[in-house]
Amino acid sequence: MPYKLRASRTSAKAKQDDIKKEADTTTGSENKKVATTESWIKQELDPQRLALFPDLLVDALSSGGVQLIRCGHPRTGSPSLFALVKNKPARLFELVFHSTTEGFCSFLIDQSVEKDGRLITATPFDARFLVLDKLRKVNKFVEISDYFEGDMIQIVDGLKLDAIADTKEVCGRQLAKYNEERVLKWLEAKVQRLAKVLQDKEIPCGAVARSKLLKKEKDENDIRSYEDYICSTVEIVREYIADALGDLLEKRLGIDRKRSLKERDIDASDHTSPNPKRKKIDQEPAEDYMKQTSVINETKATPKLTAAQKKLASCDKTGMKSIMSFFGRKN
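Numbering (full-length UniProt numbering), first residue to last: 1 to 331.
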(Lines of atoms letter the chains of each structure in order from A and count residues from 1; the text may use other names and numbers.)
(Lines give C-alpha, C1' and ligand atoms only; values in the text may rest on other atoms or scores of the structure.)
Protein backbone atom coordinates (compact mmCIF):
# COMPACT_ATOMS: atom_id res chain seq x y z
CA MET A 1 0.00 0.00 0.00
CA PRO A 2 1.77 3.14 -1.14
CA TYR A 3 2.17 5.87 1.39
CA LYS A 4 0.31 9.11 0.62
CA LEU A 5 1.24 12.39 2.19
CA ARG A 6 -1.75 13.88 3.98
CA ALA A 7 -2.45 17.51 4.66
CA SER A 8 -2.04 18.62 8.24
CA ARG A 9 -4.98 18.71 10.60
CA THR A 10 -4.91 22.50 10.69
CA SER A 11 -5.14 22.82 6.90
CA ALA A 12 -7.92 20.22 6.77
CA LYS A 13 -9.88 22.17 9.40
CA ALA A 14 -9.42 25.41 7.46
CA LYS A 15 -10.62 23.74 4.27
CA GLN A 16 -13.75 22.53 6.02
CA ASP A 17 -14.36 26.05 7.36
CA ASP A 18 -14.31 27.36 3.78
CA ILE A 19 -16.76 24.67 2.67
CA LYS A 20 -19.11 25.54 5.51
CA LYS A 21 -19.05 29.28 4.71
CA GLU A 22 -19.65 28.67 1.02
CA ALA A 23 -22.57 26.36 1.79
CA ASP A 24 -24.16 28.95 4.09
CA THR A 25 -23.95 31.71 1.45
CA THR A 26 -25.21 29.67 -1.51
CA THR A 27 -28.03 27.71 0.15
CA GLY A 28 -31.44 29.14 -0.64
CA SER A 29 -33.58 28.19 2.31
CA GLU A 30 -33.00 28.05 6.05
CA ASN A 31 -33.69 24.31 6.17
CA LYS A 32 -30.97 23.62 3.65
CA LYS A 33 -28.56 25.70 5.69
CA VAL A 34 -29.28 23.67 8.80
CA ALA A 35 -28.89 20.38 6.94
CA THR A 36 -25.60 21.49 5.40
CA THR A 37 -24.24 22.61 8.76
CA GLU A 38 -25.24 19.36 10.44
CA SER A 39 -23.56 17.27 7.73
CA TRP A 40 -20.39 19.33 8.16
CA ILE A 41 -20.44 18.80 11.91
CA LYS A 42 -20.67 15.02 11.45
CA GLN A 43 -17.52 14.96 9.34
CA GLU A 44 -14.47 13.62 11.15
CA LEU A 45 -10.88 14.41 10.41
CA ASP A 46 -8.49 11.59 9.64
CA PRO A 47 -6.83 10.38 12.85
CA GLN A 48 -3.18 11.18 13.30
CA ARG A 49 -0.65 8.62 14.46
CA LEU A 50 2.51 9.03 16.49
CA ALA A 51 5.22 6.69 15.18
CA LEU A 52 8.91 6.02 15.72
CA PHE A 53 10.44 4.77 12.45
CA PRO A 54 14.05 4.27 11.29
CA ASP A 55 15.40 6.54 8.56
CA LEU A 56 15.27 3.79 5.93
CA LEU A 57 11.54 3.30 6.43
CA VAL A 58 10.84 7.04 6.50
CA ASP A 59 12.64 7.56 3.17
CA ALA A 60 10.77 4.64 1.63
CA LEU A 61 7.43 6.04 2.83
CA SER A 62 8.06 9.37 1.11
CA SER A 63 8.81 7.58 -2.19
CA GLY A 64 5.88 5.16 -1.93
CA GLY A 65 8.07 2.08 -1.70
CA VAL A 66 6.41 0.51 1.36
CA GLN A 67 3.86 -2.29 1.41
CA LEU A 68 1.93 -3.26 4.53
CA ILE A 69 1.70 -7.02 5.02
CA ARG A 70 -0.31 -9.00 7.54
CA CYS A 71 1.32 -12.29 8.47
CA GLY A 72 1.07 -14.83 11.27
CA HIS A 73 3.36 -14.24 14.23
CA PRO A 74 6.15 -16.87 14.36
CA ARG A 75 5.39 -17.74 18.00
CA THR A 76 1.68 -17.23 18.55
CA GLY A 77 0.38 -17.50 14.99
CA SER A 78 -1.86 -14.46 15.53
CA PRO A 79 -2.03 -11.90 12.68
CA SER A 80 0.79 -9.36 12.92
CA LEU A 81 1.51 -6.27 10.85
CA PHE A 82 4.77 -5.84 8.93
CA ALA A 83 6.11 -3.15 6.62
CA LEU A 84 7.91 -4.33 3.49
CA VAL A 85 10.44 -1.92 1.99
CA LYS A 86 10.75 -2.70 -1.71
CA ASN A 87 14.43 -2.00 -2.06
CA LYS A 88 17.18 -4.29 -3.30
CA PRO A 89 17.46 -6.25 -1.15
CA ALA A 90 13.95 -5.99 0.30
CA ARG A 91 13.70 -5.25 4.02
CA LEU A 92 11.04 -6.26 6.51
CA PHE A 93 10.01 -4.25 9.60
CA GLU A 94 7.74 -5.33 12.42
CA LEU A 95 5.09 -2.77 13.43
CA VAL A 96 4.17 -2.82 17.11
CA PHE A 97 1.44 -0.75 18.76
CA HIS A 98 2.36 0.28 22.31
CA SER A 99 -0.22 1.42 24.84
CA THR A 100 -0.71 1.70 28.59
CA THR A 101 -1.77 -1.29 30.64
CA GLU A 102 -5.17 0.31 31.25
CA GLY A 103 -5.64 0.97 27.54
CA PHE A 104 -6.88 4.53 28.06
CA CYS A 105 -4.53 7.19 26.72
CA SER A 106 -4.49 10.01 24.19
CA PHE A 107 -2.12 12.50 22.58
CA LEU A 108 -2.28 16.29 22.49
CA ILE A 109 -1.14 17.29 18.98
CA ASP A 110 -1.17 21.01 18.14
CA GLN A 111 -4.69 22.17 19.02
CA SER A 112 -6.35 18.76 18.85
CA VAL A 113 -6.74 15.67 21.00
CA GLU A 114 -6.11 12.27 19.46
CA LYS A 115 -8.10 9.64 21.36
CA ASP A 116 -5.92 6.83 20.02
CA GLY A 117 -2.84 7.22 22.22
CA ARG A 118 -0.95 4.21 20.93
CA LEU A 119 2.68 4.64 19.87
CA ILE A 120 3.75 2.76 16.74
CA THR A 121 7.32 1.50 16.48
CA ALA A 122 9.00 -0.21 13.53
CA THR A 123 11.98 -2.48 14.12
CA PRO A 124 14.00 -4.52 11.59
CA PHE A 125 12.70 -8.08 11.49
CA ASP A 126 14.59 -11.19 10.42
CA ALA A 127 12.20 -13.04 8.10
CA ARG A 128 13.96 -16.30 8.90
CA PHE A 129 11.88 -16.44 12.07
CA LEU A 130 8.80 -16.79 9.83
CA VAL A 131 10.51 -19.48 7.76
CA LEU A 132 11.72 -21.26 10.90
CA ASP A 133 8.17 -21.76 12.12
CA LYS A 134 7.11 -23.31 8.79
CA LEU A 135 10.13 -25.63 8.57
CA ARG A 136 9.78 -26.83 12.15
CA LYS A 137 6.21 -27.99 11.57
CA VAL A 138 6.84 -30.02 8.40
CA ASN A 139 10.40 -31.26 9.10
CA LYS A 140 11.08 -32.36 5.51
CA PHE A 141 12.52 -30.84 2.34
CA VAL A 142 10.10 -28.23 1.05
CA GLU A 143 10.14 -25.17 -1.16
CA ILE A 144 9.76 -22.16 1.09
CA SER A 145 8.00 -20.00 -1.50
CA ASP A 146 5.06 -22.45 -1.39
CA TYR A 147 4.21 -21.25 2.12
CA PHE A 148 4.15 -17.54 1.29
CA GLU A 149 2.35 -15.45 -1.27
CA GLY A 150 2.36 -11.98 -2.74
CA ASP A 151 5.14 -9.59 -1.81
CA MET A 152 6.47 -11.92 0.90
CA ILE A 153 7.95 -14.18 -1.78
CA GLN A 154 10.60 -11.62 -2.68
CA ILE A 155 11.61 -11.55 1.00
CA VAL A 156 12.02 -15.31 1.48
CA ASP A 157 13.72 -15.82 -1.90
CA GLY A 158 16.66 -13.68 -0.81
CA LEU A 159 17.15 -15.33 2.59
CA LYS A 160 20.24 -17.31 3.54
CA LEU A 161 18.64 -20.47 4.86
CA ASP A 162 21.91 -22.35 5.40
CA ALA A 163 21.98 -21.01 8.97
CA ILE A 164 18.75 -22.76 9.99
CA ALA A 165 18.22 -25.60 7.52
CA ASP A 166 19.72 -28.18 5.20
CA THR A 167 19.37 -26.89 1.65
CA LYS A 168 19.59 -28.45 -1.77
CA GLU A 169 18.58 -27.62 -5.33
CA VAL A 170 16.36 -29.99 -7.33
CA CYS A 171 15.39 -29.13 -10.90
CA GLY A 172 16.09 -25.47 -10.29
CA ARG A 173 14.00 -25.40 -7.12
CA GLN A 174 15.56 -24.42 -3.78
CA LEU A 175 14.51 -26.87 -1.07
CA ALA A 176 15.13 -26.62 2.67
CA LYS A 177 14.70 -28.91 5.67
CA TYR A 178 14.65 -28.00 9.36
CA ASN A 179 17.98 -28.60 11.17
CA GLU A 180 17.71 -28.25 14.94
CA GLU A 181 21.45 -28.03 15.59
CA ARG A 182 21.90 -25.21 13.08
CA VAL A 183 18.87 -23.41 14.45
CA LEU A 184 20.18 -23.50 18.03
CA LYS A 185 23.60 -22.32 16.88
CA TRP A 186 21.98 -19.48 14.93
CA LEU A 187 19.83 -18.43 17.91
CA GLU A 188 22.80 -18.62 20.27
CA ALA A 189 24.76 -16.25 18.03
CA LYS A 190 21.83 -13.83 17.99
CA VAL A 191 21.55 -13.88 21.78
CA GLN A 192 25.27 -13.24 22.26
CA ARG A 193 25.35 -10.37 19.76
CA LEU A 194 22.32 -8.70 21.30
CA ALA A 195 23.68 -9.11 24.83
CA LYS A 196 27.01 -7.61 23.78
CA VAL A 197 25.29 -4.58 22.24
CA LEU A 198 23.13 -4.00 25.32
CA GLN A 199 26.13 -4.29 27.61
CA ASP A 200 28.33 -1.98 25.51
CA LYS A 201 25.61 0.66 25.29
CA GLU A 202 24.69 0.16 28.97
CA ILE A 203 21.03 -0.35 28.10
CA PRO A 204 19.17 -1.82 31.09
CA CYS A 205 16.56 -4.47 30.36
CA GLY A 206 14.68 -7.13 32.30
CA ALA A 207 16.06 -7.71 35.78
CA VAL A 208 18.81 -5.20 35.07
CA ALA A 209 16.24 -2.49 34.34
CA ARG A 210 14.33 -3.27 37.54
CA SER A 211 17.47 -2.85 39.60
CA LYS A 212 18.48 0.36 37.82
CA LEU A 213 15.08 1.97 38.33
CA LEU A 214 14.34 0.93 41.89
CA LYS A 215 17.76 1.15 43.47
CA LYS A 216 19.53 4.48 43.29
CA GLU A 217 22.69 3.79 45.19
CA LYS A 218 25.47 2.19 43.20
CA ASP A 219 27.22 -0.69 44.87
CA GLU A 220 28.71 -3.98 43.81
CA ASN A 221 25.29 -5.64 43.54
CA ASP A 222 24.23 -3.17 40.83
CA ILE A 223 27.04 -4.16 38.49
CA ARG A 224 25.38 -6.81 36.35
CA SER A 225 27.53 -9.36 34.59
CA TYR A 226 27.38 -10.52 31.02
CA GLU A 227 25.31 -13.54 32.10
CA ASP A 228 22.52 -11.24 33.30
CA TYR A 229 22.29 -9.69 29.86
CA ILE A 230 22.26 -13.17 28.33
CA CYS A 231 19.21 -14.06 30.43
CA SER A 232 17.45 -10.87 29.36
CA THR A 233 18.19 -11.32 25.66
CA VAL A 234 17.01 -14.93 25.76
CA GLU A 235 13.64 -13.64 26.97
CA ILE A 236 13.57 -11.26 23.99
CA VAL A 237 14.38 -14.01 21.49
CA ARG A 238 11.79 -16.34 23.05
CA GLU A 239 9.10 -13.90 21.93
CA TYR A 240 9.67 -15.08 18.34
CA ILE A 241 10.18 -18.83 18.73
CA ALA A 242 8.16 -21.77 20.03
CA ASP A 243 8.33 -22.57 23.74
CA ALA A 244 9.92 -25.96 23.11
CA LEU A 245 12.67 -24.37 21.04
CA GLY A 246 13.15 -21.70 23.69
CA ASP A 247 13.69 -24.37 26.34
CA LEU A 248 16.33 -26.04 24.16
CA LEU A 249 18.07 -22.69 23.71
CA GLU A 250 18.19 -22.06 27.47
CA LYS A 251 19.53 -25.55 28.04
CA ARG A 252 22.24 -24.95 25.43
CA LEU A 253 23.24 -21.68 27.13
CA GLY A 254 23.15 -23.25 30.60
CA ILE A 255 20.31 -21.09 31.88
CA ASP A 256 18.14 -22.46 34.70
CA ARG A 257 14.79 -20.85 33.93
CA LYS A 258 13.13 -21.71 37.25
CA ARG A 259 16.05 -20.38 39.23
CA SER A 260 16.32 -17.18 37.20
CA LEU A 261 12.60 -16.47 37.59
CA LYS A 262 12.82 -17.09 41.35
CA GLU A 263 15.78 -14.73 41.67
CA ARG A 264 13.89 -12.05 39.75
CA ASP A 265 10.87 -12.43 42.02
CA ILE A 266 13.08 -12.11 45.10
CA ASP A 267 14.83 -9.08 43.61
CA ALA A 268 11.51 -7.46 42.78
CA SER A 269 10.06 -8.13 46.26
CA ASP A 270 13.14 -6.62 47.90
CA HIS A 271 12.76 -3.37 45.96
CA THR A 272 9.01 -3.08 45.47
CA SER A 273 7.67 -4.17 48.87
CA PRO A 274 4.69 -1.92 49.74
CA ASN A 275 5.66 -1.79 53.45
CA PRO A 276 9.44 -2.08 53.63
CA LYS A 277 10.86 -2.64 57.09
CA ARG A 278 12.99 0.14 58.46
CA LYS A 279 16.50 -0.65 59.54
CA LYS A 280 17.01 -0.85 63.30
CA ILE A 281 19.53 1.51 64.80
CA ASP A 282 21.32 1.31 68.15
CA GLN A 283 21.16 5.05 68.86
CA GLU A 284 18.46 6.08 71.34
CA PRO A 285 16.61 9.42 71.12
CA ALA A 286 18.20 12.19 73.20
CA GLU A 287 14.89 13.81 74.24
CA ASP A 288 11.56 12.60 75.55
CA TYR A 289 9.10 13.73 72.90
CA MET A 290 6.08 12.40 74.82
CA LYS A 291 6.40 15.21 77.38
CA GLN A 292 6.15 17.82 74.68
CA THR A 293 3.04 16.11 73.32
CA SER A 294 1.27 16.20 76.71
CA VAL A 295 2.08 19.89 77.16
CA ILE A 296 0.65 20.70 73.76
CA ASN A 297 -2.55 18.79 74.55
CA GLU A 298 -3.01 20.64 77.87
CA THR A 299 -2.48 24.07 76.40
CA LYS A 300 -4.75 23.45 73.44
CA ALA A 301 -7.06 26.46 73.12
CA THR A 302 -10.84 26.07 73.23
CA PRO A 303 -12.33 26.74 69.80
CA LYS A 304 -14.35 29.94 69.48
CA LEU A 305 -18.13 29.65 69.06
CA THR A 306 -19.98 31.34 66.24
CA ALA A 307 -22.89 33.72 66.85
CA ALA A 308 -25.44 31.01 66.04
CA GLN A 309 -23.76 28.55 68.41
CA LYS A 310 -23.74 31.15 71.22
CA LYS A 311 -27.43 31.90 70.68
CA LEU A 312 -28.29 28.20 70.75
CA ALA A 313 -26.32 27.69 73.96
CA SER A 314 -28.21 30.51 75.72
CA CYS A 315 -31.65 29.00 74.95
CA ASP A 316 -33.66 27.18 77.64
CA LYS A 317 -33.50 23.46 76.75
CA THR A 318 -35.73 22.27 79.60
CA GLY A 319 -38.06 19.50 78.39
CA MET A 320 -36.46 19.34 74.96
CA LYS A 321 -35.56 15.92 73.61
CA SER A 322 -32.46 15.13 71.67
CA ILE A 323 -33.04 14.55 67.97
CA MET A 324 -31.46 11.12 68.32
CA SER A 325 -34.30 10.05 70.63
CA PHE A 326 -36.73 10.05 67.69
CA PHE A 327 -34.66 7.37 65.95
CA GLY A 328 -34.47 5.03 68.92
CA ARG A 329 -36.24 1.66 69.14
CA LYS A 330 -39.80 1.91 70.45
CA ASN A 331 -40.72 -0.36 73.36
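Glycine is no exception: its CB is placed at the ideal position from the N, C-alpha and C atoms.
Query	Result
Given a threshold of 16 other Cβ atoms within 10 Å of its Cβ, counted over all protein chains shown, does residue 240 qualify as buried or as exposed?	buried
So for residue 327, helix, strand or coil by DSSP?	helix
Can you name the residues that DSSP bridges to residue 332?	Missing from the structure shown is residue 332; the chain here goes from 1 to 331 and no further.
Quick one: grab the DSSP three-state call for residue 319.	coil
Could you please give the first and the last residue of the uninterrupted alpha helix (DSSP H) stretch that includes residue 308?	307-314
Here's the rule I'm using: 16 or more other beta-carbon atoms within 10 Å means buried, otherwise exposed. How should residue 326 be labelled?	exposed
What did DSSP end up calling residue 229 once you bin it into helix, strand or coil?	helix
Shorter than 8 Å from the beta carbon of residue 116 to some beta carbon of chain D?	Of the protein chains in this structure there is only one, and it is not chain D.
Using the beta-carbon count (16 or more within 10 Å), is residue 97 buried or exposed?	exposed
Return the chain-ordered list of same chain residues with a C-beta closer than 7 Å to the C-beta of residue 145, the five sequence neighbours on each side being excluded.	153, 156, 157
Would you call the CB atoms of residue 165 and residue 147 closer than 8 Å?	no
Checking 8 Å against the spacing of the C-beta atoms, do residue 120 and residue 173 come in under that value?	no
Taking Cβ positions, are residue 161 and residue 168 nearer each other than 8 Å?	no
Within this structure, are the beta carbons of residue 122 and residue 93 separated by less than 8 Å?	yes
Residue 104: buried (16+ other C-beta within 10 angstroms of its C-beta) or exposed?	exposed
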